[in-house]
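Scroll down for the structure; my scribbles are underneath it.
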Amino acid sequence: IDDASVGGDVNSQAFSLEFADGTYCEYRCTSRDQLIAVLVDQAKKCENSWINITVFPTSFGKRSGRLFPNTAPKDVLAMESCYISRFFEVAKRTTSPTAINIEVIACAQDLVAQIPSTGLTYEEKIKKEHLKAAIGAIAQQFTALMQSLRGKAPGSADQLQVMNLVMIVLQAIRILCSTREGYKGFLRVSLLAEDLATAMFDADDGVAASAMEVGVALVRGWKPYHTDEDTLENKKLLVTPKWCQKAVAAMADHAKRGTGQLMLPSLVFIFESILCKPYSASTEASQRARVLETFAESTTSTFGLFRSKTTSLTLCMTSLMKTVMQSCLPAVVKGIQDSALIDGVFLRHLHSAIFSDSYDQQQVSRNLVELWADGFEDTENLLERVFPEGMLRRVEKAAIEAAAAVPPEPPAPVVPEKPEKKGSKVNDKEQKPEVVEPPPPKESKWSKLWTFATTDCADVDLIWNSTTRDELRVAFETELKRFDTALDLGLSQQQ
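Shown next, in the form of structure tokens:
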């Protein structure tokens with residue numbers, strides 16, 4: 016996937032696709048970055064470890080991506096040992112640690128091209144001293160490259176060359192992070208965490224996307240290979256107060272301008288790994304409280320991210336939104352619900368909750384609608400104007416009947432202990448505890464609403480079928496187009 020050149024200039028709405036047989040086609044798309052982000056999201060969703068996704072700058076100075084299967088030899092162990100040994104030999108010969116060593120870069124490039132994107136798998140059979148040497152060599156080269164990048168003129172050929180090397184090294188770091196030594200060792204290298212933050216927030220989008228992938232690898236961990244203690248330490252080293260301030264500012268800026276589609280899913284996942292279960296189990300309590308406070312303050316400025324078509328981004332934002340609303344004061348929750356209504360994202364997800372063709376998107380949107388509507392009078396008034404009165408009466412009646420149908424839990428029976436008689440045999444049936452089945456889950460009024468909104472009804476007080484649903488869908492989409500037009504107009508005036 017490349018930026019397409021039109022008349023010698025780069026067109027921000029154009030891109031070209033190069034296929035496996037060498038042919039390529041050029042396309043135009045007003046939401047190009049969004050389209051490419053969805054493609055990458057779906058590729059990752061397949062969980063195919065033999066697919067490698069790379070991003071690097073082109074000769075035009077713009078972003079370029081490659082989505083291709085790795086060429087893996089039959090003997091993966093021999094290949095991994097070979098590359099780690101190469102790093103070890105190069106590290107021994109390197110006289111100046113701060114100099115950019117071409118041999119290390121070449122080894123990293125070969126590693127990225129050949130090793131599966133999930134990383135190394137046979138750490139216990141690789142010599143640890145070789146692995147530590149590889150970690151040190153790669154970390155030193157990354158620091159040296161970041162220092163070199165700061166001195167290059169923006170847009171120059173030298174800058175593009177260094178950026179390409181930075182992304183190759185970042186991908187090699189991500190692979191080495193899958194090992195226990197790599198996971199524990201990288202952020203403990205002097206200045207590496209600081210340089211990684213610079214690559215995330217103060218560099219080109221391609222560099223930022225690669226750096227975010229490394230950040231995800233460092234705070235996620237792969238059990239049972241990495242312990243919670245290792246993950247906790249990595250989170251403390253990477254996600255500092257300064258990092259948090261930069262991260263929320265970047266999210267708010269990208270949400271406002273509609274940019275950053277390739278790096279935002281990874282950035283949001285880092286926040287989710289700090290704040291949300293089950294990942295927050297390996298987060299220090301004081302760090303979680305500090306990050307939660309910082310993120311909650313910027314929640315309303317990141318609502319633009321809920322317009323994204325990237326499923327992984329919306330899923331992570333939903334988890335974060337739920338965590339924030341469960342942890343914050345009622346006044347903060349009311350402000351979030353109010354912003355969701357004003358920014359149009361509530362209406363957008365109400366539309367998706369009923370009419371989306373994707374089951375995953377439908378469920379995410381329903382969760383968001385329930386979060387933003389519960390206990391908020393303005394949103395409940397909107398729902399009364401959207402849905403027929405007969406449907407809402409049925410929803411309330413069905414919810415009351417479902418609540419009444421659930422019997423109260425009976426008290427546990429008290430069985431008096433019988434003294435054992437000498438020589439008597441114990442009856443196994445009497446010793447087995449009685450198994451009481453839990454009551455069926457209680458259906459909420461929201462589940463009833465989604466059921467009634469998607470099924471036909473022909474009664475005295477409610478006529479609801481495909482025709483009336485189409486009328487509601489058209490009304491939704493007309494209103495959403497008005498929101499989008501107003502949003503585009505506001506962005507163009509700011510630019």
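Numbering (this note's numbering), first residue to last: 16 to 510.
Beta carbons are placed, not taken as given, at the ideal position from N, Cα and C, and that holds for glycine.
Predicted model, so just to flag it, every value in this text is computed and none were measured.
CA-CA distance, residue i and residue j?
| i | j | result |
| --- | --- | --- |
| Thr315 | Val347 | 10 Å |
| Thr309 | Gly170 | 34 Å |
| Leu307 | Gly405 | 42 Å |
| Arg272 | Asp125 | 37 Å |
| Glu243 | Arg195 | Note on identity: in this sequence residue 243 is Asp, with Glu being the wrong assignment. Whole-angstrom Cα-Cα distance: 12 Å. |
| Lys199 | Ile183 | 21 Å |
| Ala473 | Asn480 | 8 Å |
| Leu207 | Ser100 | 23 Å |
| Asp375 | Asp220 | 28 Å |
| Trp258 | Lys412 | 50 Å |
| Lys337 | His364 | 15 Å |
| Lys261 | Phe286 | 12 Å |
| Lys460 | Cys343 | 24 Å |
| Glu41 | Leu175 | 23 Å |
| Glu385 | Glu395 | 11 Å |
| Gly230 | Glu399 | 44 Å |
| Ser462 | Thr213 | 45 Å |
| His269 | Thr482 | 39 Å |
| Ala226 | Ala418 | 50 Å |
| Leu383 | Met161 | 40 Å |
| Ala490 | Thr274 | 28 Å |
| Met215 | Glu248 | 20 Å |
| His145 | Phe102 | 7 Å |
| Gln377 | Glu492 | 16 Å |
| Ile188 | Lys147 | 12 Å |
| Phe391 | Val119 | 58 Å |
| Thr279 | Ala154 | First, the residue type needs correcting, since residue 279 is Leu and not Thr in the sequence shown. Looking at the two C-alpha atoms, the distance is approximately 24 Å. |
| Leu330 | Arg408 | 32 Å |
| Val234 | Met340 | 24 Å |
| Leu211 | Leu335 | 24 Å |
| Leu356 | Leu202 | 41 Å |
| Thr297 | Thr246 | Strictly speaking, residue 297 in this sequence is Ser, with Thr absent from that position. Computed Cα separation, rounded: 6 Å. |
| Ser281 | Val222 | 13 Å |
| Ala501 | Val360 | 14 Å |
| Ile190 | Gly197 | 9 Å |
Secondary structure at residue i, three-state DSSP: helix, strand or coil?
| i | result |
| --- | --- |
| Cys291 | coil |
| Pro72 | Low confidence applies here, because Pro72 scores a pLDDT of 45, under 50, leaving its location unreliable; read the following figure in that light. Residue state, collapsed to three classes: strand. |
| Ala473 | strand |
| Glu299 | coil |
| Ser171 | coil |
| Phe201 | helix |
| Lys337 | helix |
| Gly390 | coil |
| Gly275 | coil |
| Asn116 | coil |
| Cys122 | helix |
| Pro84 | At Pro84, the pLDDT of 40 sits below 50, so the modelled position is not reliable and the matter cannot be decided from this model. |
| Phe286 | helix |
| Phe402 | coil |
| Ser316 | helix |
| Ser193 | coil |
| Thr309 | helix |
| Thr493 | helix |
| Ser281 | helix |
| Phe498 | helix |
Tell me where the alpha helix (DSSP H) around residue i begins and ends.
| i | result |
| --- | --- |
| Asp243 | Asp243 to Leu253 |
| Ala265 | Pro256 to Arg272 |
| Met215 | Leu207 to Phe216 |
| Gly524 | Only positions 16 to 510 of the chain appear in the structure, and residue 524 is not among them; the question remains open. |
| Phe370 | Val360 to Phe370 |
| Asp353 | Pro345 to Ile357 |
| Met227 | Asp220 to Arg235 |
What are the partner residues of residue i, as DSSP defines its beta bridges?
| i | result |
| --- | --- |
| Trp479 | Cys472 |
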